[in-house]
Amino acid sequence: MSDEESAVVLDRSAIDEVLGTGGVGVLALADDNEPYAIPISYGYDGDAGEVYLRLGFGEDSEKRRFLNSSDGVALVVSNESDEGWVSVVVRGPLTDVPEASIDGAVVDSIRAIDIPFFTVYDEDPRELAYDLYRLTPETITGRREKPSVGIE
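To get the numbering used here, take the position in the sequence shown, counting from 1, and add 484.
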């Protein structure tokens, strides 16, 4: 059975519910034929339809190298519950949001979302540089596991 046969396509309301106000996802980047995927914290502003990412960078950051080489990115958010799996993929350009350029609308969006703080580094999190990025979706797709019918 293919994924198409075992999944239900999500509408925008269901996608907004999955993305919620924030959480953890996997950010996929590429440099030519070399893929790179990392867990990240994100926040979602459903009203603006934008995703905000807080990315931490250690010294000699491989992540920064891939960010500089990637024109587009993909963010994958997935969850599993008693009802089955659900996933959302957000694709589009990722742009740096410099602190000096954050206007009132962006500040309001950031205040309305919850970007969880976590780190996967050996370094003390206070010693890392953190930057804010905006993922402006070109496409957002979502799928939910199709409920089993007639299986006992």
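Glycine is no exception: its CB is placed at the ideal position from the N, C-alpha and C atoms.
A residue is called buried when at least 16 other Cβ atoms come within 10 angstroms of its Cβ; A558 meets this threshold and is buried. Minimum Cα-Cα distance from V570 among the listed residues Y528, S545, T625 and V535 corresponds to T625. Positions of the alpha helix (DSSP H) runs, each at least 4 residues long and wholly inside the segment 527-586, are given as 546-553 in order along the chain. N563 and D544 have their C-alpha atoms spaced approximately 32 Å apart.
For L513, the enclosing beta strand (DSSP E) stretches over residues G506 to D515. If you look at E501, you'll find it in the alpha helix (DSSP H) that goes R496 to L503. With respect to the C-alpha of G509, the residue from P582, R575 and P631 having the closest C-alpha is R575. For Y614, the number of other beta carbons within 10 angstroms of its own is below 16, and it is reported as exposed. In summary, V493 is exposed, with fewer than 16 beta-carbon neighbours lying within 10 Å of its beta-carbon over all protein chains present.
E622 and D555 have their C-alpha atoms spaced approximately 12 Å apart. Cβ neighbours of Y528 within its own chain (closer than 7 Å, five residues either side excluded): L503, G504, T505, G506, V535 and I597. In the three-state reduction of the DSSP assignment, E622 falls in the coil class. Out of I499, F550 and A521, the CA that lies nearest to the CA of D531 is found in I499.
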